[in-house]
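Offset between the sequence shown (1-based) and our numbering: plus 181.
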Amino acid sequence: MLQEEFASRLLESAVTELSRLPGVGRKTALRLALHLLRRDEAQSVALGEAIIDLRRNIRYCTRCHNISETETCAICSSPSRTASTVCVVENVSDVMAVERTRQYQGVYHVLGGVISPMDGIGPDTLEIDSLVERVEQGGIDEVILALPATMEGDTTNFYIFRKLAPFTDLKITQLARGVAVGNELEYTDEITLGRSILHRTLFSDSFNKR
182 MLQEEFASRL
192 LESAVTELSR
202 LPGVGRKTAL
212 RLALHLLRRD
222 EAQSVALGEA
232 IIDLRRNIRY
242 CTRCHNISET
252 ETCAICSSPS
262 RTASTVCVVE
272 NVSDVMAVER
282 TRQYQGVYHV
292 LGGVISPMDG
302 IGPDTLEIDS
312 LVERVEQGGI
322 DEVILALPAT
332 MEGDTTNFYI
342 FRKLAPFTDL
352 KITQLARGVA
362 VGNELEYTDE
372 ITLGRSILHR
382 TLFSDSFNKR
């Protein structure tokens, strides 16, 4: 154990916590912990304070569920955004990916995941009902389904399409299939993703072809 090798309970504790981060094994966690020890104390304190501040003060937008420092996020409250177009994404990192393309000027709706029975994720655990409520309130002309090109993503797309079907004046589109099947949006290059947004297609067209 690290505690026996380095005779440091504090180091063992730091490595254990760092190794809980996604993609960080115990060896990487050890390197990070030792790196922090070699740096000025002020840098380590600043990192710790930033993480605590993030955890305590970040909230989720009451409208779109994107991360925010206020009740309504900067995108939803911006007068320069087209509030009548809503892009539905799986998570916050997808919002960042779409924003990097600079090809989209609408607003978002973050589901918080996709339907995956194998993982115990059903429609009721996602922000699908709140999406329907936003449409019911009016003012939305188009909903863009920008979920991963995976089986779970397609299942969620179809579920949302069926939930929104009663709104006959609503345009429901999806990303053009420039995004490869199986790809997550956050790992798709900006040019491909940007073109997929610009050349989006009616979701009903793809459904009718099946």
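Heads up, the beta-carbon is just placed ideally off N, CA and C, and yes, glycines get one too.
Source: prediction; values computed, not measured.
Looking at Arg236, Thr336, Val226 and Gly229, the one whose alpha-carbon comes closest to that of Gly294 is Thr336. Boundaries around Ile353 are those of the beta strand (DSSP E), Lys352 to Gln355, since no alpha helix (DSSP H) includes it. Nearest Cα to Thr263 within the set Cys242, Glu280 and Gln286: Gln286.
Ser261 counts as exposed, since fewer than 16 other beta carbons sit within 10 angstroms of its beta carbon.
A check of alpha carbon separations from Met332 across His290, Cys254 and Ser297 identifies Ser297 as the nearest. With respect to the 9 Å criterion, Asp322 and Lys352 are classified as neighbours on the basis of their beta carbons. Between Ala214 and Ala227 a beta carbon distance of about 16 Å is seen, past the 8 Å cut, so the two are scored as non-contacting. Beta-bridge partners assigned by DSSP to Cys268: Tyr289 and Ile325. If you check the CB distance, Cys268 and Ile233 do not come in under 9 Å.
Distances from the CA of Arg381 to each of Val291, Gln284 and Arg190 were compared; the closest alpha carbon is that of Gln284.
Assignment of Leu345 by DSSP, reduced to helix, strand and coil, places it in the helix class. If you ignore the 5 residues before and after Pro304, its C-beta comes within less than 7 Å of the C-beta of Ile296 and Tyr340, all in its own chain and listed in chain order. With contacts defined as CB atoms closer than 9 Å, Arg220 and Val288 fail to qualify as a contacting pair. In the DSSP assignment, Arg240 forms a beta bridge with Ser249.
Taken through DSSP and simplified to helix, strand or coil, Leu191 comes out as helix. Ile378 is bridged by DSSP to nothing; it lacks a bridge partner. Non-local C-beta neighbours of Thr266 in its own chain, meaning closer than 6 Å and more than five positions away in sequence, comprise Gly287 and Glu323, ordered along the chain. Under the criterion of beta carbons closer than 8 Å, Val279 and Asn247 do not qualify as touching, at roughly 11 Å. By a beta-carbon distance limit of 8 Å, Val313 contacts Leu345. Their separation comes to about 7 Å.
The DSSP-derived three-state label of Thr263 is strand. A residue is called buried once 16 or more other Cβ atoms fall within 10 Å of its Cβ, and Gly319, having fewer, is exposed.
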